[in-house]
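Q: My structure is below; once you've seen it, I'll send some questions.
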Amino acid sequence: MTTFSTLQSIEKAWAERSTSVAGESRQSFERRERLLRSAIKDGIPTTRHEEWKYTSLRPLVDQSFRLWSSLPSPALDSAVDALVKSKLIPDATYLVFIDGILNARLSSLEELTSLGFRTLAEAESTNDASWWDFWQTSPGMNGLFAGINVGFVRDGALLELKKNQIVSRPLHILHVVTGHADAAASATRLLISVPEGARLRVFEDFISVSESSSGWSNGLTQFKLGPRADCGYYRVLSSPGKFHTATISAVLDRGSRFETFSLVAGSRLARINIDVKFTATDAECILNGLYLTRDQEHVDHHTVVDHQVGFCRTHQLYKGILADESRAVFNGKIYIRKDAQKTEAYQTTKNLLLSKNAEVDAKPQLEIDADDVKASHGAAIGSIDPLELFYLQSRCIGRAEAMAMLCRGFADDVVLRLQDKSAKSILSKHVSQWFKHEVSRGGSNT
Amino acid sequence: MAEIVKESLTDRDYKYGFETQIETEFFPKGLSEDVVHMIADKRNDPPFVREFRIKAYRHWLTMKEPTWADVSYAPIDFQEIRYYSAPKSKKEGSGPASLDDIDPELIETFNKLGIPLSEQKRLTGVAIDAVFDSVSVGTTHQEELAEAGVIFCSLTEAIHNHPDLVEKYLGTVVPYKDNYYAALNSAVFTDGSFVFIPKGVRCPLDLSTYFRINARETGQFERTLIVAEEGAYVSYLEGCTAPMRDENQLHAAVVELVALDRAEIKYSTVQNWYAGDKEGKGGIYNFVTKRGICQGVKSKISWTQVETGSAVTWKYPSVILKGDYSSGEFYSVALTNNRMQADTGTKMIHIGKNTSSRIISKGISCDQSINTYRGQVKIFPSAENARNFSQCDSMLVGDQCTANTHPYLEVKNNSALVEHEATTSKISADQIFYMKSRGIDEEGAVSLLLHGFCKDVFKTLPLEFSIEAVKLLEMKLEGSVG
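As you go down the protein sequences, you meet chains A and B in turn. Each residue of the first sequence is one higher than the one before, starting from 27 at the first, in the working numbering. Each residue of the second sequence is one higher than the one before, starting from 3 at the first, in the working numbering.
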């Protein structure tokens with residue numbers, strides 16, 4: 027089997043891929059193989075591995091997802107078509123992937139050209155050293171799922187803005203997992219370069235067609251920000267019952283600003299790695315997130331912010347609301363290297379446990395090698411304050427509604443921090459949807 | 003001129019660095035099952051202790067040295083260490099029968115360290131058990147304590163005089179399988195202190211153990227066991243020093259605390275092992291396993307530590323909160339300078355209902371040292387209404403040092419409330435200037451800032467310890483701030 031289950035089967039999938047892909051240049055093949063091999067050299071990690079202490083990959087391994095399939099993109103039925111159309115945000119430039127393969131009909135290819143769009147295959151045929159450098163040396167590229175993505179990616183895109191290009195329409199990237207029985211795990215890769223003075227907002231959504239079937243999306247999204255570039259990246263994962271792994275990396279140049287928001291509102295098991303590296307002074311990174319979990323969902327965020335130079339700022343806030351038997355993991359690392367004086371880095375995680383059986387594992391970490399910095403981190407885990415609940419109930423608000431109000435207030439605290447108005451309203455809608463579902467099923471108000 | 007000033011500072015850095023010339027007997031270097039048997043023979047171990055050692059040794063052989071801490075050091079060659087070294091007793095047998103039998107040289111050593119052993123000098127009102135290399139050389143105030151029903155003696159004595167108590171509690175909090183160094187300690191421990199406070203007794207004196215490493219190439223492996231029965235209270239202090247040497251010496255101790263219903267144990271440490279010179283040569287490897295269990299309802303265990311010495315520290319005093327309404331506390335000031343490395347913190351394991359814990363950790367790193375806080379707060383599903391508050395502050399002095407914070411929060415019960423916060427700061431030239439401009443000299447300014455930074459911890463220390471701790475910090479920081 028060419029599945030994601032053992033090291034041998036990954037090797038086998040790689041061999042199958044190598045023979046079925048035609049016309050790949052030798053250098054790109056070798057680079058791919060090198061990254062894949064280094065990612066899997068220690069095998070599939072167990073919970074004895076520090077980075078995987080709280081997240082077992084067993085459920086994912088047990089599914090035996092096919093890593094590679096040379097089958098063409100599945101034909102779209104009208105249901106998928108309708109779903110995609112209902113999810114697209116208005117007035118945006120679209121890039122749609124179905125089971126990891128670019129769908130030209132649903133994507134707005136013409137408008138994409140103005141964003142310097144090329145497919146991954148096109149981009150990989152160049153010899154440009156700086157492109158290959160971007161391709162292989164972003165932070166976080168040594169991770170297991172980054173390597174798997176690089177090895178078995180089926181489609182992807184490069185977007186290269188021009189200097190000082192201000193893009194007012196947001197870019198909406200939509201990934202759909204159809205859950206077709208013979209479909210391989212969907213692996214898509216995006217490389218986004220926002221050069222000097224340019225501005226771009228990216229929305230990336232991961233959705234699925236049906237809750238019942240299984241599926242796995244493995245994303246790799248890389249950003250490169252030039253001097254004074256401004257990039258917003260808002261990702262939403264709402265594919266209940268599906269597996270999701272993601273690697274997001276960003277390299278920030280002088281005076282640039284990178285705002286991210288990771289919203290998880292539905293997934294069987296999600297592991298999201300975000301790596302941000304500051305390479306020049308005066309840059310700013312806003313790293314926020316919200317995870318809403320129910321049933322036996324498992325959501326794991328691992329973020330690494332690397333302050334290699336001074337005078338940069340990081341603001342990080344991750345919040346979580348956990349119902350039923352769900353579990354969330356937050357591991358935030360902030361490195362402040364020796365020469366990164368005058369760094370400001372603040373990290374907070376707050377979690378609300380709605381049920382007795384929910385679990386949170388938080389590990390906020392600071393590693394500081396410079397003395398003239400302002401850095402702090404905080405973590406809080408608790409449940410709804412019974413006094414707050416009583417206050418609302420005493421004002422004739424039903425218990426379930428009062429719970430929902432308090433939870434909503436807790437969630438809004440992070441959503442409403444978004445600087446970008448459209449991002450704020452779009453993410454707000456997703457949160458509302460989750461709460462609507464939560465209230466309609468009677469909530470887990472224990 | 004500058005040279006002279008520097009010289010005198012270095013001299014002052016570690017005033018306990020002398021070596022006592024005393025006739026010692028020791029085992030050859032190396033570790034094997036035979037050596038473990040030799041130690042058991044030497045200590046006249048009853049069968050249960052010998053068995054414990056052998057099981058631990060065999061298990062140790064199967065284990066790997068831990069590498070996860072933020073410390074790096076040359077690998078330890080366990081065959082290059084002597085596992086037993088003791089000052090020769092005037093009389094043959096199992097150690098000195100009374101204080102009069104102690105070699106005057108030893109008394110002198112402890113006097114030099116500021117630890118009066120002779121009972122006539124009841125200056126401190128503290129009962130002391132003095133451990134010199136591998137053995138306990140004497141315990142003071144035994145009669146007074148016996149009157150109250152308190153047992154305070156060396157572990158060897160306890161094994162012989164109270165074997166039932168030792169057998170009941172030894173290895174129950176830190177099992178020999180616990181970790182690499184705990185297993186090693188369980189195999190080769192030579193002595194240590196034993197404290198037993200019977201039901202309802204409030205220990206009339208503060209108890210104290212003073213650890214001294216003297217002999218070369220010797221590892222110190224002591225084991226402390228403190229049991230507080232229902233409603234008992236004890237305050238226990240621990241101090242440590244070692245001579246200045248170029249070689250590294252290993253200190254792998256185990257401390258076990260057991261608190262039954264409504265009992266309270268307060269354990270304070272001022273650790274000042276030799277930390278090596280400015281280039282990081284020499285010093286003690288301090289790999290210690292300390293753990294207490296709040297077995298009974300409303301019991302309380304409080305750890306306070308002031309860590310100012312050791313080349314490498316690897317130490318996590320923990321509390322298992324098993325009894326309902328039990329509480330655990332951890333107060334720590336860890337100072338690292340030159341090339342010291344400290345990876346220290348705590349574990350609070352909440353199992354019982356309404357348990358609470360509090361962690362206050364202050365790390366000060368100077369020069370090229372690495373100071374890491376690593377703590378775990380674990381709330382079991384059974385721990386209804388558990389509460390935890392953690393605060394970890396780091397102070398960085400100079401731009402070459404490192405301060406890391408690795409808290410692990412694991413919450414499996416939604417009625418729990420767990421909070422963690424951490425900040426970093428520095429003693430800046432501005433602050434010093436501000437105080438100087440108000441007529442406070444530099445030394446006073448630094449001391450004032452330190453007091454403020456560490457106040458939360460120092461106020462939990464017994465008075466004499468608190469004064470000593472502040473002096474120690476000031477001395478260590480001198481010349482680092484500028």
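Beta carbons: idealized from backbone N, C-alpha and C, even for Gly. Quick caveat, the model's predicted, so the values are computed rather than measured.
Determine, using beta carbons only, whether B:G311 and B:N274 come nearer to each other than 7 Å.
A: Along the second sequence, one-based indexing puts residue 311 of chain B at 309. Along the second sequence, one-based indexing puts residue 274 of chain B at 272. Cβ distance < 7 Å, so B:G311 and B:N274 count as in contact.
Q: According to a CB-to-CB cut-off of less than 8 Å, which residues of the segment 397 to 419 of chain B neighbour chain A?
A: Those residues of the segment 397 to 419 of chain B that come within reach of chain A (Cβ to Cβ, closer than 8 Å) are L398, V399, G400, D401, Q402, C403, T404, A405, N406, T407, H408, P409, Y410, L411, E412, V413, K414, N415, N416, S417, A418, L419.
Q: Quick one: residues in its chain with C-beta nearer than 6 Å to the C-beta of B:F289, no 5 flanking neighbours on either side, listed in chain order?
A: Position 287 of the second sequence, counted from the start, is the residue given in the question as residue 289 of chain B. If we look at B:F289 and ignore the five residues flanking it on each side, its Cβ neighbours are Y183, A254, W316.
Q: Taking Cβ-Cβ distances below 7 Å as the criterion, which residues of the segment 426 to 454 of chain B are in contact with chain A?
A: Within the segment 426 to 454 of chain B, the residues whose Cβ lies closer than 7 Å to some Cβ of chain A are T426, K428, listed in chain order.
Q: So, under 8 Å CB-CB, B:R276 and B:Y16 are touching, yes? Tell me the CB distance rounded to an integer number of Å.
A: For the purposes of this step, residue 276 of chain B is taken as the residue at position 274 of the second sequence. For the purposes of this step, residue 16 of chain B is taken as the residue at position 14 of the second sequence. Per the sequence shown, the amino acid found at residue 276 of chain B is Tyr instead of Arg. Between B:Y16 and B:Y276 the Cβ distance is about 6 Å, and since that is below 8 Å, they are a contact.
Q: Any Cβ of chain B within less than 7 Å of the Cβ of A:L379?
A: If you number the first sequence from 1, residue 379 of chain A lands on position 353. Closer than 7 Å to some Cβ of chain B, the Cβ of A:L379 qualifies, so yes.
Q: Counting only beta-carbon atoms, is B:E421 nearer than 7 Å to chain A?
A: For this step, residue 421 of chain B is matched to residue 419 along the second sequence. Judged by the 7 Å Cβ criterion, B:E421 is in contact with chain A.
Q: Taking C-beta to C-beta, are A:L185 and A:A224 nearer than 7 Å?
A: In the first sequence, the residue the question calls residue 185 of chain A occupies position 159. In the first sequence, the residue the question calls residue 224 of chain A occupies position 198. Contact flag unset, no.
Q: If you draw a straight line from the alpha carbon of B:P49 to that of B:Y86, how long is it in whole angstroms?
A: For the purposes of this step, residue 49 of chain B is identified with residue 47 of the second sequence, where counting begins at 1. For the purposes of this step, residue 86 of chain B is identified with residue 84 of the second sequence, where counting begins at 1. Each residue's Cα considered, the two are about 20 Å apart.
Q: Inspect the CB distances between the segment 362 to 377 of chain B and the segment 445 to 458 of chain B and report whether three or more fall short of 8 Å.
A: Cβ pair count under 8 Å is three or more, so yes.
Q: Any idea if A:N153 is buried or exposed, counting beta-carbon neighbours within 10 angstroms, 16 or more meaning buried?
A: Position 127 of the first sequence, counted from the start, is the residue given in the question as residue 153 of chain A. Per the 10 Å Cβ criterion, exposed.
Q: Distance, Cα to Cα, A:L444 vs A:G315?
A: Reading the first sequence from its first residue, position 418 is the one you call residue 444 of chain A. Reading the first sequence from its first residue, position 289 is the one you call residue 315 of chain A. C-alpha separation (whole angstroms): 10 Å.
Q: Please name the residues in the segment 387 to 418 of chain A whose beta-carbon is closer than 8 Å to at least one beta-carbon of chain B, in chain order.
A: Under the 8 Å Cβ criterion, the segment 387 to 418 of chain A contributes D387, A388, K389, P390, Q391, L392, E393, I394, D395, A396, D397, D398, V399, K400, A401, S402, H403, G404, A405, A406, I407, G408, S409.
Q: Does any heavy atom of the ligand PLP sit closer than 6 Å to the C-beta of B:A431?
A: For the ligand PLP, the structure offers nothing, since it holds no ligand at all.
Q: Please classify A:S112: is it buried, with 16 or more other beta-carbons within 10 angstroms of its beta-carbon, or exposed?
A: Taking the first residue of the first sequence as 1, we reach residue 112 of chain A at position 86. Its Cβ having fewer than 16 others within 10 Å, A:S112 is exposed.
Q: Does B:I295 come out as helix, strand or coil in the three-state DSSP assignment?
A: Looking up residue 295 of chain B in the second sequence gives position 293. Looking at B:I295 - three-state DSSP - the assignment turns out to be strand.
Q: Helix or strand or just coil, what does DSSP make of B:N46?
A: For the purposes of this step, residue 46 of chain B is taken as the residue at position 44 of the second sequence. Coil.
Q: Report the option in A:H270, A:R294, A:K364, A:G358 whose CA atom is closest to the CA atom of A:K376.
A: By one-based count along the first sequence, residue 376 of chain A stands at place 350. It is A:G358.
Q: Of all Cβ atoms in chain A, is any one closer than 7 Å to the Cβ of B:A424?
A: By 1-based counting over the second sequence, the position of residue 424 of chain B is 422. Yes, because at least one Cβ of chain A sits closer than 7 Å to the Cβ of B:A424.
Q: Consider the Cβ of A:E385: report whether some Cβ of chain B lies at a distance smaller than 7 Å.
A: One-based indexing of the first sequence puts residue 385 of chain A at position 359. Closer than 7 Å to some Cβ of chain B, the Cβ of A:E385 qualifies, so yes.
Q: Note down the Cα distance separating A:A396 from A:E427, rounded to an integer number of angstroms.
A: To locate residue 396 of chain A, count along the first sequence from 1; it is residue 370. To locate residue 427 of chain A, count along the first sequence from 1; it is residue 401. The straight-line gap from Cα to Cα measures roughly 48 Å.
Q: Check distances from the C-beta atoms of the segment 52 to 74 of chain B to those of chain A and list, in chain order, the residues that come in under 9 Å.
A: Listed by position, the residues of the segment 52 to 74 of chain B near chain A (Cβ gap below 9 Å) are W70, D72.
Q: Looking at the C-beta of A:K268, does it have a partner C-beta in chain B at a distance below 7 Å?
A: By one-based count along the first sequence, residue 268 of chain A stands at place 242. Not an interface residue.
Q: Could you tell me which of B:F28, B:Y235, B:S417 sits nearest to A:E385, measuring between CA atoms?
A: If you number the first sequence from 1, residue 385 of chain A lands on position 359. A:E385 has its Cα closest to that of B:S417, out of B:F28, B:Y235, B:S417.
Q: What is the rounded straight-line gap between the Cα of B:H318 and the Cα of B:M437?
A: Along the second sequence, one-based indexing puts residue 318 of chain B at 316. Along the second sequence, one-based indexing puts residue 437 of chain B at 435. Residue identity check: residue 318 of chain B is Tyr in the sequence provided, not His. Their Cα atoms are separated by approximately 36 Å.
Q: Sorted by chain position, which residues of the same chain lie with C-beta nearer than 7 Å to A:Q373's C-beta, five sequence neighbours on each side aside?
A: Residue mapping note: residue 373 of chain A aligns to position 347 of the first sequence, counting from 1. Excluding residues within five positions, the ones whose Cβ falls inside 7 Å are Q342, G358, I360, P390, H403.
Q: Any idea what DSSP makes of B:F289, helix, strand or coil?
A: Here residue 289 of chain B refers to the residue found at position 287 of the second sequence. In the structure shown, B:F289 sits in a strand (DSSP, three-state: E or B).
Q: What three-state label does DSSP hand A:S58 in the structure shown?
A: Locating residue 58 of chain A in the first sequence gives position 32, where the first residue counts as 1. Here the sequence assigns Arg to residue 58 of chain A, which means Ser is not the residue at that position. A:R58 falls in the helix class under three-state DSSP.
Q: Only counting the same chain, and skipping five residues up and downstream in sequence, which positions put a Cβ closer than 8 Å to that of A:L431?
A: Translated into positions along the first sequence, residue 431 of chain A becomes position 405. Per the sequence shown, the amino acid found at residue 431 of chain A is Met instead of Leu. Result list for A:M431: L418, I423, in chain order.
Q: Give the range of the beta strand (DSSP E) segment to which A:Q162 is assigned.
A: Stepping through the first sequence from its first residue, residue 162 of chain A is reached at position 136. No beta strand (DSSP E) contains A:Q162, which is instead part of the alpha helix (DSSP H) from 155 to 163.
Q: Measure the beta-carbon distance from B:V321 to B:C296 and round it to whole angstroms, keeping in mind my assumption that it falls under 8 Å.
A: If you number the second sequence from 1, residue 321 of chain B lands on position 319. If you number the second sequence from 1, residue 296 of chain B lands on position 294. Right, their Cβ atoms sit about 6 Å apart.
Q: Can a CB atom of chain B be found closer than 7 Å to the CB of A:K382?
A: The residue given as residue 382 of chain A occupies position 356 in the first sequence. Closer than 7 Å to some Cβ of chain B, the Cβ of A:K382 qualifies, so yes.
Q: When we look at the beta-carbon of B:H453 and count the other beta-carbons within 10 Å, is it buried (16 or more) or exposed?
A: Translated into positions along the second sequence, residue 453 of chain B becomes position 451. With fewer than 16 other Cβ atoms within 10 Å, it is exposed.
Q: Kindly list the residues whose CB is nearer than 6 Å to the CB of B:V299, restricted to its own chain and excluding five residues on each side of it in sequence; keep chain order.
A: Looking up residue 299 of chain B in the second sequence gives position 297. Cβ within range, chain order: D263, G325, D326, Y327.
Q: List, from N- to C-terminal side, the beta strand (DSSP E) runs of 3 residues or more that fit wholly inside the segment 328 to 373 of chain A.
A: Whole beta strand (DSSP E) segments, 3+ residues: 339 to 348, 353 to 362.
Q: Could you tell me which residues DSSP puts in a beta bridge with B:E27?
A: As a working mapping, residue 27 of chain B is identified with position 25 in the second sequence. For B:E27, which the question treats as bridged, DSSP gives the partners B:A88.
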